[in-house]
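Chemist: Counting in our numbering, the sequence shown runs from 0 upward without gaps. A single structure is presented below for examination.
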Amino acid sequence: MGDSVAAGTMAPMWGELRYSGELASLLARTALHPPKRRPAPPPVLLIPGFMAGDHSLAMMRRWLGRRGHRVSMSGILANVDCAERIVSRLEMRLQDLAEECDSPVVLIGQSRGGALARALAVRDPDSVCGLVTLGSPVCQSLAVSESVLRTVRWMARLGDLGVPGVFSSTCHEGECCGDFREQLAAPLAPSIQVAAIYSRSDAIVDWRACLDPHAERIEVDSSHCGMSVHPAVYRVLERVLDGAEAAAAAPTAVAA
Numbered sequence: 000m001g002d003s004v005a006a007g008t009m010a011p012m013w014g015e016l017r018y019s020g021e022l023a024s025l026l027a028r029t030a031l032h033p034p035k036r037r038p039a040p041p042p043v044l045l046i047p048g049f050m051a052g053d054h055s056l057a058m059m060r061r062w063l064g065r066r067g068h069r070v071s072m073s074g075i076l077a078n079v080d081c082a083e084r085i086v087s088r089l090e091m092r093l094q095d096l097a098e099e100c101d102s103p104v105v106l107i108g109q110s111r112g113g114a115l116a117r118a119l120a121v122r123d124p125d126s127v128c129g130l131v132t133l134g135s136p137v138c139q140s141l142a143v144s145e146s147v148l149r150t151v152r153w154m155a156r157l158g159d160l161g162v163p164g165v166f167s168s169t170c171h172e173g174e175c176c177g178d179f180r181e182q183l184a185a186p187l188a189p190s191i192q193v194a195a196i197y198s199r200s201d202a203i204v205d206w207r208a209c210l211d212p213h214a215e216r217i218e219v220d221s222s223h224c225g226m227s228v229h230p231a232v233y234r235v236l237e238r239v240l241d242g243a244e245a246a247a248a249a250p251t252a253v254a255a
């Protein structure tokens, strides 16, 4: 299934121990926690990272809810299924959310979840007004640490054996995920505000694989797992969400 990045090019794994400190820093910043409630915030769909479930984004969900957003979770317990199957399910969830709220949706995905979110934004641009990827290897899906790559290979073997809900070794280059791979590289609609957040000190994903050429690329000094609770990430989220809200209100203002 391909090779991980060259030895010595990744940040040291001990940097991932920063998560607790990053969470504490977020909770200590009164400007971010609790956030200011918005008058007409767009709905948001959150998508977790590899092997993670919706619970991993619980803090972000609470923060978004306090801003007034209608938040939908992905319904993922462990993000290990075939990418095409997940995106197909998420597309129905996205369309339902956009229809219920009568508004396009902001997609926020961490790690593999960001890659899924990007494909979703390409697939259904009319239902999306914003996209934020957090440490997501959209340019090279297997540009990850050796330990993570071993886990990927182990999971793929389970899929090859027919274990349900798990990707197989054919997903990486096979026909089943062909559309998904094309959507990872495709341009995004100009109406979608896009931010790709990355960290050079990410010990899980090679930061260079996160540099989406079609996005505003924003660097933070964060652990990989800590991007879901890092104060700098939340400041970016505020800007993207406020921009999406303003864009949605613009036609009304013109009509008036």
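For glycine and all other residues, C-beta sits at the position ideal for the given N, C-alpha and C. Quick caveat, the model's predicted, so the values are computed rather than measured.
(1) Taking residue 63 as the reference, give the member of 228, 200 and 248 with the closest Cα.
(2) Distance, Cα to Cα, residue 41 vs residue 67?
(3) From the DSSP output, in three-state form, read off residue 194 for me.
(4) Would you mind sorting residue 47 into buried or exposed? The rule is 16 or more other CB atoms within 10 Å of its CB.
(5) Going by DSSP, name the residue or residues bridged to residue 263.
(6) Straight-line CA distance for residue 81 to residue 38?
(7) Any contact between the region 190-210 and the region 77-95? By contact I mean 3 or more CB pairs, one from each, below 8 Å.
(8) What is the DSSP secondary structure of residue 172, counted as helix, strand or coil?
(9) Measuring CB atoms only, is the region 171-181 touching the region 225-245, in the sense that at least three cross pairs come out at less than 8 Å?
(10) Alpha carbon to alpha carbon, what distance is there between residue 70 and residue 103?
(11) What did DSSP end up calling residue 8 once you bin it into helix, strand or coil?
(12) Go to residue 215, then tell me how far its beta strand (DSSP E) extends in each direction, as first and last residue.
(13) Quick check: the Cα distance between residue 115 and residue 182, rounded to an integer number of angstroms?
(14) Is DSSP giving residue 130 helix, strand or coil here?
(15) Measuring only the C-alpha atoms, how far is residue 127 from residue 112?
Modeler: So, from the listed chains and residues:
(1) Translated into the one-based positions of the sequence shown, residue 63 becomes position 64. Distance check between residue 63 and each of 228, 200 and 248 places 228 closest, using alpha-carbon atoms only.
(2) In the sequence shown, residue 41 corresponds to position 42, counting from 1. In the sequence shown, residue 67 corresponds to position 68, counting from 1. Near 9 Å, if we compare the C-alpha coordinates of residue 67 and residue 41.
(3) Here the question's residue 194 lines up with position 195 in the sequence shown. In the structure shown, residue 194 falls within a strand segment according to DSSP collapsed to helix, strand and coil.
(4) For the purposes of this step, residue 47 is identified with residue 48 of the sequence shown, where counting begins at 1. Answer is buried; the Cβ neighbour count reaches 16.
(5) Beyond the ends of the chain as shown, which are 0 and 255, falls residue 263; an answer cannot be given.
(6) Position 82 of the sequence shown, counted from the first residue, corresponds to residue 81. Position 39 of the sequence shown, counted from the first residue, corresponds to residue 38. Straight across, the Cα-Cα distance linking residue 81 with residue 38 is about 38 Å.
(7) No, the region 190-210 is not in contact with the region 77-95.
(8) For the purposes of this step, residue 172 is taken as the residue at position 173 of the sequence shown. Looking at residue 172 - three-state DSSP - the assignment turns out to be coil, as it is neither helix nor strand.
(9) Judged by Cβ distances under 8 Å, the region 171-181 makes no contact with the region 225-245, as fewer than three pairs qualify.
(10) For the purposes of this step, residue 103 is identified with residue 104 of the sequence shown, where counting begins at 1. For the purposes of this step, residue 70 is identified with residue 71 of the sequence shown, where counting begins at 1. Just so you know, the alpha carbons of residue 103 and residue 70 end up roughly 13 Å apart.
(11) Stepping through the sequence shown from its first residue, residue 8 is reached at position 9. Judged by DSSP in its simplified three-state form, residue 8 adopts coil rather than helix or strand.
(12) On the sequence shown, position 216 is the one that residue 215 refers to. For residue 215, the enclosing beta strand (DSSP E) stretches over residues 215-218.
(13) The residue given as residue 115 occupies position 116 in the sequence shown. The residue given as residue 182 occupies position 183 in the sequence shown. Each residue's Cα considered, the two are about 9 Å apart.
(14) What you label residue 130 is simply residue 131 of the sequence shown in a count that begins at 1. Reduced to three states, the DSSP call for residue 130 is strand.
(15) As a first step, residue 127 is located in the sequence shown; it is residue number 128 there, counting from the start. As a first step, residue 112 is located in the sequence shown; it is residue number 113 there, counting from the start. Distance between the alpha carbons of residue 127 and residue 112: 16 Å.
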